[in-house]
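Chains G and Y supply the protein sequences, listed in that same order.
Numbering-wise (this note's numbering), the first sequence opens with residue 1 and increments by one.
Numbering-wise (this note's numbering), the second sequence opens with residue 10001 and increments by one.
We treat Cβ as the ideally placed atom computed from N, Cα and C, and that holds for glycine.
Structure first, then comments.
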Amino acid sequence: MENGNNQMMSVDEPMIICRDMNKWFGEFHVLRNISLEVMPQEVLVIIGPSGSGKSTFIRCINRLEEHQDGQIIVDGIELSHDVQNIADIRRETGMVFQQFNLFPHLTVMDNISLAPMKVRHWARDKAEQRAMELLERVGIPEQAYKYPGQLSGGQQQRVAIARALAMEPKIMLFDEPTSALDPEMIKEVLDVMKELARTYMTMLVVTHEMGFAREVADRIIFMDMGRIVEQGPPENFFNPDIEHHPRTQEFLDQIL
Amino acid sequence: MADSKDMDLNQSIINYDEEPVRPPPTLEVGLPAWLRQNLFGSPADIVVSILMSILVLVLVVGFFDWAVRTANWFTIINNQRLFMMERFESSMEWRLALTVLLSALLTGFSFAAWGRKLLRMLTMVALATLVLVAVLPSLINATIAQPKSYLTSGNIDIIDRASALRPQKNLAFIAQAGETVSLELARDEVADVETLSNLSGFSDRAANALGNAARNRLDQIELTGLTFDRMVSRELTEALEERTRLAIRTFTRTNDMEASTFDYMGYLGDYFTASDASIAELKAWLKRLDAAVAGLEEPEAAIQAAASAVDDAVANMTAADQMTAEARAALQELTAALQSGQQIEDLGERLILDLSEDLIGQPDQADEDEDLIRPVKWETLFLRDMFVRLLTPQSVIAIYDLGQSPMQVAIRDAETFEVLAGGLVGLAGETVSYVIPRDGWYILSKDAVEGQEGTGILAARGIFPIVERTLSASESQFVRLTDNELEIFGSRPQIDGKDAPIAALIDNQYRGLRDLPTYLVHFIPLFLKQIELLLLPFFITVAWGYVLGRAVAHLLGEQTVFNSNNSRATVLAVAMSPLLILLAYFAFLDGNGALDGLPGIVLKILAAFATALLVQRVEGWLKRANSGEEAEGTITRLLIYGWGVYPFAMYLMASGIGGLSGAAIGSMAGGLLWLLLMYFIGLNFFGGAGYMLLIGGFFLQIAQGYVINIVWENWTAEPISSVLFWIILAIVGVGLGLLGFARRGGIDANAKRIGYLVSCVVFISIFTNTNLVSVGGDGSAATMVAIAMVLWLGWMFFSGTLHWSSNRVIIGLLLLTFLWMQTWTHVDRWSTVYFIIWLAGGALAFKRGEWAQGDKLKWKRDESAPLLYRYPGRTMGALALAWFIVLLIIPSFVLGLEAQGALQASPQDLLPLSDKRLWGGLMLTMQLTILGIGASFPIGLLLALGRRSKLTVVKYTCVVYIETVRGVPLITILFMAVLMVPLIDPTLASVENAVRAWVGITMFSAAYLAENVRGGLQSLDRGQTEAAQAIGLSGWQTTLYILLPQALRAVIPALVGQFISLFKDTSLVFIVGLAEITGIAYRVVAQPEFLQRRQETFLYVAIIYFVFSYIMSYISRRVEATGSGAARAQQL
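This is how it looks when you write it as structure tokens:
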């Protein structure tokens, strides 16, 4: 749990800083005054009911969605309209999607090695070697030359994680990575994520897997109606003896 | 199962070990199952199958009947060149041939990379073709006798419709040594009109006129008979109906009514078909009538007498089988009278009416029906014959007295006119024959025997019609129709100072029906000869490309090949051998007939088998090693470059390149060597040493350019013409820089920046209409350099990380060069621009080399590395040496020429520009198609992306363009491009129609392609873009690597559909006066020899369109099934 704080890295600087961030979809106020700091190597799990804005929130961090007010600073770089900054931040953040979003026209190997080659200008040999290492890490090296369409959902999601890791990001964003999977396959993906958490990766995870949250998270954030309602370490969050916000309590009552 | 009483009712384990494995029922596998499932699955299926096979059978039989018996394939064979390239200058023909062979080579290469299984199958087809074309013509000529050729002789004009033809006294023909020419009087052929009418094949015009006249007579006899039938049938039908009614009334009393009714109906039918026996009888009658008629002298009175006699005869007619003697006699007289030409129709009609009245006037004799009807039938036939005879002209045989008089013939030497053989051919079957002593022209003289009048048809063997092909204004080629082996160039023999007449092919000869042997002799050898000339080199080149492709793949990627003792030599030998076969083949073809006959056939077959064997075995000989995959990638990449360059090569070869001289090529070679050298310097030196070499190279190159440019001032009268050459140089430079490193992940940021700088300079130079580098320096040029520097610096500062070291050197060098060049006095603007492009290419090559340094270190000791990289030091040394030699030689070469004054005239162009107004045929179709696709695809792509752009101006420009063009028919666009544009801007009138049509087609097609691509883009999930953004790809990278590949794959069928329709739409340009292959078809059917031969011509054109369309659609299906498409297909 306390894995990050006594390591020797630059822990004093937060990896992600959000200050009074607001976002609207048209007239609809999706995110309201989100303020949050994520420390390096921290695993942050975001939970909340559907439509609470949690996905939108993490998508703002790598600028898949644009925030309209407030500040987001990732690894010291402020997200603005500056294209160069956006590119730099995206280079530092990996993202895993609910629907995997693998590139169906490329082999698993090419899916993973494309970005290092095109964005980081690695030689193909190096990129493929790295891709192979990552595939071994997520446990499916034998699938390297297949196309995504030939893999099961769990395998696809593991490839997606490998693809995100290939850019050697400092931050990993997970947007409900297990929601589209069969129950049998959820475990294999969660195992990969747990293994990742053990390597001190900074992770933001939107999930409904409470077991995972309880086991891996350093901190849990509960969001509702575009606001952060409550946050705390998992042992507190899931402790029925501690007093929660009524909305949190209602949510917890329903899922536990 | 034995313990079943203890069995749990909810769960049971069935012991299936006891069930034996059986084969499926016989009818459930193999052909029977297939037939049942696919053709005879249900009643409806059975009906459809049977109906369809009947339909197919009918169509196929009908088609072959037409193709063999009626069609005139000379329409195609003789116009082949026209179909292929219209009037394209024959001196430049080799360029088109080379383009075709290049496409064959690339096709073979493609098979090596993508379609090895298919190639094996095609090899068999090619093999069969090879054997066929080599063996069949000789076989046919050996086994089937050459048909007789019919020639008229005599001194009587032969009248055919409006023209009168006098048989030629002399006729020039070509014969081969050893052949026998024989002549006799045709007798069987003129025995009767039917045989005469079938006189077809190779004959002269007069003989054809005779055949025509005979055919016309037969046609008219048939027509007159039909007229008679129409006239008489009404009367007879009424009479018979009346009788039938009577009979029915009579037979009502009996029980057999129905049967007798049927009998009457049967009689009724008899009236309209005369049996053979009765026709024969009538013929006999006619002969006797003829004889009688000849003796008549007073027609007028005879008519009267005959008419009354007929009346009497009819009145006396009994119900007997035959006409009375009086009636017969009367009819004879009548016929004679009528023959004098008076009141024919009136009398004929009266005759019939009389007869009918007589019939109708005897209704009481119904019970004697059979007796009544018989004479009616007989008489009708008789009268019909009379009628026909009165209204049809005399027999052709009789008119010209064919086959009656002997003819005088002689075979003469064409030059001396000396009689070589001669004599009388006559009724007794005398034959004149002569064995030809040497190849060449001979003259046949033929005439009636002196002092007599007469016409005869000669049956000749060994004399064939001749095709004259005009090669140029002064030279012609003469070929016999039946074989192409003997070709004679030069002019015809002369008689009395005029060209001797020859029997040229005329279409009429094929109006009759042909039998299969005639067809085989006439068309097959010629056709196969054309295949041999056109397709065989193509086939062999495909095979060569394939073998070469495999060899390249192995050379590039296979370690085993290098490790074994002599395998590289083997690979090279294998790769080269089909080339040798090809060369040998051409050598044989040019071998002046030395390889005709058996040895030639044997050699051709051996060559064919050798090629096929090679293709079959190449995989086995060049064993695939583990690293094969990489080699496949390399060869595929080479192939993509190859096909990418092909359209340009095709166009440039056809159109020519202005200003491409030996010196220009030498200069380009020097440039290429320099680029390679720069690359290797980049590859092999770190930091300062590399930069020093780079600077040195730059200065040497500039020095060379300086020298050359001083000279160039004298001979670049038309600087634009050298544009292509320089652009090619730049493309090659960039391509070279990328070669082998594309797999390392595309262009890196630094190279991009250099490219950015170069394009800044180039575009500003081009678009600013200032004399960029003029004599003694120009302020505006300095301004341009300043702008370029500002743009470059801006880019550098606004972009992220940068390897300053080498970029500084390169950018500095480029700008320095640029400024320095301004001090030159002998450069024009264009050559400066290209010089800069060239230098930038070198800089880029250097950068690529530097970038690949990591790999170099690894490769230096690696025996498996590609050849070029294994010994970088040696390679670089060799390159440097070669470059210095070229660097030193070219300027001195050029200067030397100048000193000799050779450069005062413009240098010899290697590929002079062709006249595009002469483009036509398949060549124009292909140019329009390939260039149209090549240009409209990228434009369509950009339009599609533009339409989805967030930039409103771009978006709506694209929308307006697409919608406007899609709303206008292609033909309107073509008319505008060809007819209206010159009105709007007169300067455009000098642009050739072909180019304007190409622009029109491109504009049109681009709009449709844009919509197709947009459809593909819209079908993509938003998640793809997000994922691409999330891993850091830029907008263009996302489009290029993620969106477009998927979108294009999704719409391959639509895209290829558009390509195919573009291909077919090129036929519309014939409306604006361009003769692509459809236009040629219209011209061919307008030729006098092949007037209205539409079926053959358009069938041929349709086949050509189909073949190319099908290839396109086949390729599209193959492409769909590659990569992720294959994975998807596997899954399903």
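Classification of residue i by the beta-carbon crowding that lies within 10 angstroms, buried from 16 upward
| i | result |
| --- | --- |
| Y/S11019 | exposed |
| Y/P10043 | exposed |
| Y/S10197 | buried |
| G/F25 | exposed |
| G/R294 | Nothing can be reported for residue 294 of chain G: it is not among the residues displayed for chain G, which extend from 1 to 256. |
| Y/N10212 | buried |
| Y/P10465 | buried |
| Y/F10478 | buried |
| Y/W10544 | buried |
| Y/W10998 | buried |
| G/K118 | buried |
| G/G154 | buried |
| Y/D10985 | exposed |
| Y/L11044 | buried |
| G/K54 | buried |
| Y/F10064 | exposed |
Short CB-CB distance (under 8 Å) between residue i and chain Y
| i | result |
| --- | --- |
| G/N85 | no |
| G/F174 | no |
| G/I16 | no |
| G/K23 | no |
| G/L252 | no |
| G/R91 | yes |
| G/T164 | For the sequence presented, residue 164 of chain G should be read as Ala rather than Thr. So yes, G/A164 belongs to the interface. |
| G/M95 | yes |
| G/L190 | no |
| G/L64 | yes |
| G/M193 | no |
| G/M167 | yes |
Cross-strand partners of residue i (DSSP beta bridge)
| i | result |
| --- | --- |
| G/F174 | G/V96, G/V205 |
| Y/G10154 | Y/T10455 |
| Y/N11193 | Nothing can be reported for residue 11193 of chain Y, as the shown portion of chain Y is limited to 10001 through 11132. |
| Y/M10407 | Y/V10425, Y/A10448 |
| G/C18 | G/L36, G/I72 |
Chain G within 8 Å of residue i, Cβ atoms only
| i | result |
| --- | --- |
| Y/S11034 | yes |
| Y/T10801 | Its pLDDT being 37, under 50, Y/T10801 is placed unreliably by the model, and the measurement read from it follows with that caveat. Chain G contact via Cβ: absent. |
| Y/I10641 | Before going further, note that residue 10641 of chain Y is Tyr rather than Ile in the sequence given. So no, Y/Y10641 is outside the interface. |
| Y/T11039 | no |
| Y/F10797 | Caution is warranted here: a pLDDT of 42 is assigned to Y/F10797, below 50, making its placement in the model unreliable, and no coordinate value can be reported. |
Exercise for review: Go through the segment 132–178 of chain G residue by residue and report every complete run of the alpha helix (DSSP H) that reaches 4 residues or more, in order.
Suggested key: 153–166
**Study point:** Entirely enclosed alpha helix (DSSP H) segments - the segment 216–250 of chain G, minimum 4 residues
**Key:** 234–237
Review point. At a Cβ cut of 8 Å, what residues of the segment 11011–11030 of chain Y count as close to chain G, listed as they run along the chain?
Key: D11021, G11023, Q11024, E11026, A11027, A11028, Q11029, A11030
Practice item. Could you list the residues in the segment 99–120 of chain G with a C-beta less than 7 Å from some C-beta on chain Y, going in chain order? Key: Q99, N101, F103, P104, H105, L114, A115, M117, K118, V119
Practice item. Select from the segment 11043–11071 of chain Y all residues with a C-beta closer than 7 Å to any C-beta belonging to chain G, and list them in chain order. Key: P11045, Q11046, R11049
Point to revise | Every unbroken alpha helix (DSSP H) inside the segment 54–118 of chain G [4 residues or more] | key: 54–61, 83–92, 108–118
Review point. Could you give the uninterrupted runs of the beta strand (DSSP E) lying entirely in the segment 22–48 of chain G, keeping only those of 3 residues or more?
Key: 28–38, 43–47
Review point. What alpha helix (DSSP H) runs, 4 residues minimum, are completely inside the segment 11009–11086 of chain Y?
Key: 11022–11030, 11044–11050, 11052–11065, 11077–11084
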